[in-house]
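Student: Next up is a structure, given as C-alpha cells.
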Amino acid sequence: MIQKDSPYETVIDFEWRYGKLEPGRYRIVKTVMDVREIGDYTDYVFTAEFSI
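Residue 5 is where the sequence shown starts when you use this note's numbering, and the numbers rise one by one after that.
Take a look at the structure:
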C-alpha cells in the first residue's frame with residue numbers, strides 16, 4: 005500500500021518477461037487505482053524513464 009506524501013520504491017524484474025534488456029533508454033508505465041469504497045475509485049497513470 006502506498007501512503008500519501010511518502011516515497012515509494014519497488015524492484016521490477018523485467019528479465020522473467022522480456023529477457024535481459026539491452027543497453028538503452030526505456031519507459032515504464034504503471035496504473036494505480038485509488039479505491040475509496042466499492043464503485044468509488046480513481047485510476048492514476050504514472051510513467052518513469054530510465055536507462056541501462
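Cβ coordinates follow ideal geometry from the N, Cα and C atoms, glycine included.
Once you ignore the five residues that flank Y12 on each side, which residues in its own chain have a CB closer than 6 Å to its CB?
Tutor: Here residue 12 corresponds to residue number 8 of the sequence shown, with the count starting at 1. Hits under 6 Å: I6.
Student: When you compare the CB positions of I42 and I16, do they come within less than 8 Å of one another, or not?
Tutor: Residue numbering aside, residue 42 sits at position 38 when the sequence shown is read from its first letter. Residue numbering aside, residue 16 sits at position 12 when the sequence shown is read from its first letter. Not a contact, by the Cβ cut-off of 8 Å.
Student: Which residues in the same chain as E37 place their Cβ atom closer than 7 Å to its Cβ, once the five residues preceding and following it in sequence are excluded?
Tutor: Taking the first residue of the sequence shown as position 1, residue 37 is located at position 33. Residue identity differs from the one stated: residue 37 is Met in this sequence, not Glu. Within the same chain, M37 has close Cβ partners Y45, D47.
Student: Can you tell me whether E26 is helix, strand or coil according to DSSP?
Tutor: Taking the sequence shown and counting its residues from 1, one reaches residue 26 at position 22. In the structure shown, the three-state DSSP call for E26 is coil.
Student: How is E13 classed by DSSP in three states: helix, strand or coil?
Tutor: Indexing the sequence shown from 1 puts residue 13 at position 9. Of the three classes helix, strand and coil, the one that applies to E13 here is coil, per DSSP.
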